[in-house]
Ligand code: ADP
Ligand code: 5GP
């Protein structure tokens with residue numbers, strides 16, 4: 189009887205997620221939280237996306253992103269090299285390369301993504317229960333916009349694009365597996381750690 193119970197439970201047990209996506213509007217804190225988790229847990233590896241946007245001063249090609257020209261990006265779309273890709277902002281493409289996921293899987297680590305809400309939806313569609321999507325929620329839209337302004341990475345035009353898109357993206361909060369509120373940073377980091385510990 190015990191044997192049958194175990195067999196039954198094993199059959200229906202959800203597998204632990206192997207891919208963890210942090211998603212939110214720009215400025216909500218994905219990068220800050222992802223960096224903290226990567227420092228805290230050796231079991232995680234960051235999925236480096238490809239993008240056509242300009243490199244920021246502190247960023248490194250092959251660490252923060254694979255920075256590609258529009259032509260290189262389009263060639264990879266044509267070759268079906270992406271699991272998902274989006275034109276997140278007009279003329280700025282971002283995508284997850286199949287080769288990147290394969291690289292991380294070979295290390296037996298969990299893949300962690302920093303990805304927009306549409307990309308996160310695609311990851312969930314492709315990987316189902318193998319993926320867990322965590323929506324990072326700022327305390328209010330105003331706080332989010334203020335954080336983006338203070339980050340000082342965007343030109344006035346880019347800031348406006350991001351704020352406009354963020355208004356729409358905030359409406360996605362209920363569509364994912366977990367919501368993580370990023371109000372007081374230390375609390376958010378500790379809540380993020382708890383979520384990961386449950387998976388490991
Ligand atoms: P995203 O990757 O989602 O665009 P970032 O991690 O770059 O967001 O965070 C946006 C800005 O807000 C950064 O300057 C970051 O240092 C700051 N920030 C993140 N979380 C908090 C927080 N809880 N309180 C105050 N500032 C924060
Ligand atoms: P940023 O330019 O601030 O680095 O990123 C802009 C937005 O693009 C963020 O919401 C970020 O999560 C998203 N993004 C980064 N990489 C990818 C990716 O591979 N696919 C998709 N769909 N979005 C991404």
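In the working numbering, the protein residues as written are 189 to 388. Every residue gets a Cβ at the ideal spot worked out from N, C-alpha and C, and that includes glycine.
(Q) Taking DSSP's pairing of strands, which residues face residue 239 in a bridge? (A) 255 and 282
Q.
On the criterion of 16 or more Cβ atoms from any shown chain inside 10 Å, does residue 245 qualify as buried, or is it exposed?
A. It is exposed - the Cβ of residue 245 has fewer than 16 other Cβ atoms within 10 Å.
Q: Reducing DSSP to helix, strand and coil, say where residue 261 ends up.
A: helix
Q.
I believe residue 272 touches residue 307 by the beta-carbon criterion, under 8 Å. Please report the beta-carbon distance rounded to the nearest angstrom.
A. Their Cβ separation, rounded to whole angstroms, is 5 Å, which keeps residue 272 and residue 307 in contact under 8 Å.
**Q.** 8 Å contact criterion, which residue 221 and residue 376 should meet: CB distance rounded
**A.** 6 Å
(Q) I need the residues with a C-beta less than 5 Å from some heavy atom of ligand 1; please give them in chain order. (A) 214, 215, 216, 217, 218, 219, 220, 335, 339, 370 and 373
Q) How should residue 352 be labelled, buried or exposed, when 16 other C-beta atoms within 10 angstroms of its C-beta is the threshold for buried? A) exposed
**Q.** For residue 191 and residue 346, the rounded distance between their alpha carbons
**A.** Answer to the nearest angstrom: the Cα atoms are 60 Å apart.
Q: Taking only the alpha-carbon atoms, compute the straight-line gap between residue 263 and residue 372 and give it to the nearest angstrom.
A: 42 Å
**Q.** Separation of residue 269 from residue 286, as counted between CA atoms
**A.** 6 Å
Q | The beta strand (DSSP E) enclosing residue 325, as first and last residue numbers | A | 319-325 is the extent of the beta strand (DSSP E) around residue 325.
Q.
Residues in the same chain with beta-carbon distance under 7 Å from residue 219, minus the five sequence neighbours each way, listed in chain order, please.
A. 302
Q) residue 335 by DSSP, collapsed to three states: which one? A) helix
(Q) Suppose the cutoff is 8 Å on Cβ atoms and the five residues either side in sequence are ignored; what does the same chain contact list for residue 336 look like? (A) Listed in chain order, the non-local C-beta contacts of residue 336 below 8 Å within the same chain comprise 214, 215, 342, 347, 350, 351 and 354, local neighbours out to five positions each way being set aside.
Q.
Any heavy atom of ligand 2 inside 7 Å of the beta-carbon of residue 303?
A. yes
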